[in-house]
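Residue numbers in the sequence shown follow our numbering, run continuously in steps of one, and reach 1670 at the last position. Here a beta-carbon is modelled for each residue, glycine too, at the ideal position from N, C-alpha and C. Model, not experiment: these values are computed from the prediction.
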Amino acid sequence: MTPEHLIVHQQPAPHVAHVQLHRPKELNALNLELMGELRDVLRQLDADDQVRAIVISGDEKAFAAGADIKQMADKTAIDMYNIDQFSTWDTIRRIKKPLIAAVSGFALGGGCELTMLCDLIIASETARFGQPEIKLGIMPGAGGTQRLTRAVGKALAMEMVLTGRLLTAEEAFQAGLINKIVPVPLYLQEAVKMAATIASMSPLAVRMAKEAVLKSFDTTLDEGLQFERKNFYLLFATEDQKEGMQAFVEKRKPVFKGR
Ligand code: CAA
């Protein structure tokens, strides 16, 4: 089915897909329908051998201004429990291919949390990152207290979560939340360029490397090192490892096939 709240741009670069959040009048607020579509589209792209990296963007004014407040406003706790809107996010968290957020304008609440669910974040100079849920009488619910704290540390995370203060792109960069800031006309192009670079690598090595980096967030150093080592050894079973090393020896560019 064609998604209603997303635009899927096929192949802006070889082996790259681009998914655009598209509720521009609502600043791409993440309602249940959009998040369901995003989960389904990302799952399809994850299973597509032609796709090796995925860019997620909004538009120039907003990446996403958060979960849809109007959709949540009248809900009871039991409604929220039954709907369990964040279960969608668990699926997105398990996407194996690299996700690159291309952010311009607002990335607030669930929008900021979605960027943090991605593996890399490219921002335009106008990007603003924040967890303003406290101003609504609630708190972040899609990872904002956990991923933000791990990314920027306790002091800044507490300030953002307890006061709702937004970070400028420059502050987010200084705090280690994002990878790069570029002028507005270039943010999407830059994200696609980063995705294309990753897509030119061995997809199996990329997948195992992503898995190992993410592992570091929820394990001990010892277990993480063991996990990393196993993935490292396992990659020697791939043709891409032979090709990558052979190409180095022969002083040519490797051609990775994903096997
Ligand atoms: N949900 C629903 N609608 C939203 C929205 C949201 N999160 N954010 C913006 N909109 C709507 C506005 O209601 C408005 O619609 P109408 O034209 O029908 O009134 C339209 O988008 C444009 O927004 P504004 O007129 O407010 O635009 P602005 O430029 O003056 O302000 C803004 C921009 C500062 C981002 C402001 O819209 C805002 O504060 N938005 C809410 C941000 C927020 O609190 N996000 C957290 C949501 S809760 C959450 O995300 C929980 C979680 O952890 C998952």
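>> Taking only three categories from DSSP, how would you classify residue 1422?
In response: On the sequence shown, position 11 is the one that residue 1422 refers to. If DSSP states are grouped into helix, strand and coil, residue 1422 belongs with the strands.
> At which residue ranges does the region 1431 to 1505 contain complete beta strand (DSSP E) runs of 3 or more residues, listed in the order of the chain?
Replying inline: 1464 to 1468, 1473 to 1475
> Which ranges does the beta strand (DSSP E) cover as unbroken runs of at least 3 residues, wholly within the region 1529 to 1608, from first to last along the chain?
Replying inline: 1531 to 1535, 1539 to 1541, 1591 to 1593
> What do you reckon, is the C-beta of residue 1544 under 6 Å from a heavy atom of the ligand CAA?
Replying inline: Here residue 1544 refers to the residue found at position 133 of the sequence shown. It does: the Cβ of residue 1544 is within 6 Å (strictly closer) of some heavy atom of the ligand CAA.
> For residue 1678, which of 1620, 1642, 1616, 1583 has the nearest alpha-carbon?
Replying inline: Past the boundaries of the shown model lies residue 1678; the chain is included only from 1412 to 1670, so the question cannot be answered.
>> Buried or exposed for residue 1668, going by 16 or more other Cβ atoms inside 10 Å?
In response: Here residue 1668 corresponds to residue number 257 of the sequence shown, with the count starting at 1. Residue 1668 is exposed by the Cβ-count criterion.
> With a Cβ-Cβ cutoff of 7 Å, do residue 1468 and residue 1513 count as a contact?
Replying inline: Counted from its first residue, the sequence shown places residue 1468 at position 57. Counted from its first residue, the sequence shown places residue 1513 at position 102. Cβ atoms of residue 1468 and residue 1513: closer than 7 Å.
>> Can you list, in chain order, the residues of its chain with a C-beta nearer than 7 Å to that of residue 1402? Leave out the 5 residues immediately preceding and following it.
In response: What the structure shows of the chain is the stretch from 1412 to 1670, and residue 1402 is not part of that stretch, so it cannot be assessed.
> Can you list, in chain order, the residues of its chain whose CB lies under 6 Å from that of residue 1589, leaving out five sequence neighbours each side?
Replying inline: Position 178 of the sequence shown, counted from the first residue, corresponds to residue 1589. Here the set comprises 1532, 1534, 1583.
> Cβ of residue 1467 within 6 Å of any heavy atom in the ligand CAA?
Replying inline: For this step, residue 1467 is matched to residue 56 along the sequence shown. For the ligand CAA, not one heavy atom lies less than 6 Å from the Cβ of residue 1467.
> In the DSSP assignment, what residue or residues form a beta bridge with residue 1519?
Replying inline: Working through the sequence shown from its first residue, we reach residue 1519 at position 108. The partner list for residue 1519 (beta bridge, DSSP) reads 1541.
> Listed in chain order, which residues are found with a beta carbon closer than 6 Å to a heavy atom of the ligand CAA?
Replying inline: The filter returns 1437, 1438, 1440, 1476, 1477, 1478, 1479, 1480, 1481, 1517, 1519, 1520, 1521, 1524, 1543, 1544, 1547, 1551, 1552, 1553, 1555, in chain order.
> Going by beta carbon distance, what residues of the same chain come within less than 7 Å of residue 1599, once the five residues before and after it are set aside?
Replying inline: The sequence position of residue 1599 within the sequence shown is 188, counting from 1. The residues are 1468, 1513.
> When we look at the beta-carbon of residue 1564 and count the other beta-carbons within 10 Å, is it buried (16 or more) or exposed?
Replying inline: Against the sequence shown, residue 1564 aligns to sequence position 153. Residue 1564 comes out exposed.
> Do residue 1475 and residue 1541 come within 7 Å of each other at the CB atom, strictly closer than that value?
Replying inline: Numbered from its first residue, the sequence shown carries residue 1541 at position 130. Numbered from its first residue, the sequence shown carries residue 1475 at position 64. At a Cβ-Cβ threshold of 7 Å, residue 1541 and residue 1475 do not count as neighbours.
> Whose C-alpha, out of 1607, 1483, 1645, is nearest the C-alpha of residue 1548?
Replying inline: To locate residue 1548, count along the sequence shown from 1; it is residue 137. Per the Cα distances, 1483.
> So, using beta-carbon positions, are residue 1543 and residue 1519 closer together than 7 Å?
Replying inline: Taking the first residue of the sequence shown as position 1, residue 1543 is located at position 132. Taking the first residue of the sequence shown as position 1, residue 1519 is located at position 108. A contact, by the Cβ cut-off of 7 Å.
> Taking Cβ to Cβ, would you say residue 1606 is nearer than 7 Å to residue 1427?
Replying inline: Residue mapping note: residue 1606 aligns to position 195 of the sequence shown, counting from 1. Residue mapping note: residue 1427 aligns to position 16 of the sequence shown, counting from 1. Going by beta carbons, residue 1606 and residue 1427 fall inside the 7 Å limit.
> So residue 1646 is in the alpha helix (DSSP H); what residue range does that whole segment cover?
Replying inline: As a first step, residue 1646 is located in the sequence shown; it is residue number 235 there, counting from the start. Unbroken run through residue 1646: none, as it is neither H nor E.
> Beta-carbon separation of residue 1577 and residue 1539 under 7 Å?
Replying inline: For the purposes of this step, residue 1577 is taken as residue 166 along the sequence shown, with counting starting at 1. For the purposes of this step, residue 1539 is taken as residue 128 along the sequence shown, with counting starting at 1. The answer is yes: Cβ separation under 7 Å.
>> Give me the residue from 1646, 1528, 1628 with the minimum Cα distance to residue 1449.
In response: Locating residue 1449 in the sequence shown gives position 38, counting from the first residue. Of the residues 1646, 1528, 1628, the one whose Cα lies closest to the Cα of residue 1449 is 1528.
>> Going by C-alpha to C-alpha distance, which of 1592, 1621, 1487, 1662 sits closest to residue 1505?
In response: Your numbering for residue 1505 matches position 94 in the sequence shown. With distances taken between Cα atoms, residue 1505 lies closest to 1621.
> Apart from the five residues just before and just after residue 1439, which ones in its own chain have a Cβ nearer than 6 Å to its Cβ?
Replying inline: As a working note, residue 1439 is residue 28 in the sequence shown. Closer than 6 Å at the Cβ level, and outside the excluded window around residue 1439, lie 1432, 1469, 1473, 1475.
>> Looking at the secondary structure, which residues open and close the beta strand (DSSP E) in which residue 1514 lies?
In response: Within the sequence shown, the letter at position 103 stands for residue 1514. Counting along the chain, the beta strand (DSSP E) containing residue 1514 begins and ends at 1510 to 1514.
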